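In what follows, a structure is listed as structure tokens, so that the remarks can point back to it.
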Amino acid sequence: GKLHLGVDGWSSPNTISFLGITLHFQHEGAMRRLILDFILQVFALAFLSLIKC
1 GKLHLGVDGW SSPNTISFLG ITLHFQHEGA MRRLILDFIL QVFALAFLSL
51 IKC
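Note that my numbering has the sequence shown beginning at 1, numbered continuously upward.
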């Protein structure tokens, strides 16, 4: 079958950035989805701390 990879990035109201990676596919006629990873973007936090200096 076919696999579809999804990637989405966003920021919370307090400017912390996240990246989500998902996999979408059909199994036995039903649509399935899996969360492969949920990543806190640490480099964004480091960048924000440099701006404050």
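Cβ atoms here follow ideal geometry from the backbone N, Cα and C, with glycine treated the same way. Since we're looking at a predicted model, the values are computed, not measured.
Inset, instruction - Would you kindly report the start and end of the unbroken beta strand (DSSP E) that includes Ser17? - result: Ser17 to His27
Legend entry - Between the CA atoms of Asp8 and Thr15 - distance to the nearest angstrom: 16 Å
Inset, instruction - Could you pull out every residue in the same chain whose Cβ sits closer than 7 Å to the Cβ of Gly1, ignoring the five residues on either side in sequence? - result: Phe25 and Gln26
Inset, instruction - Could you pull out every residue in the same chain whose Cβ sits closer than 8 Å to the Cβ of Ser12, ignoring the five residues on either side in sequence? - result: Phe18
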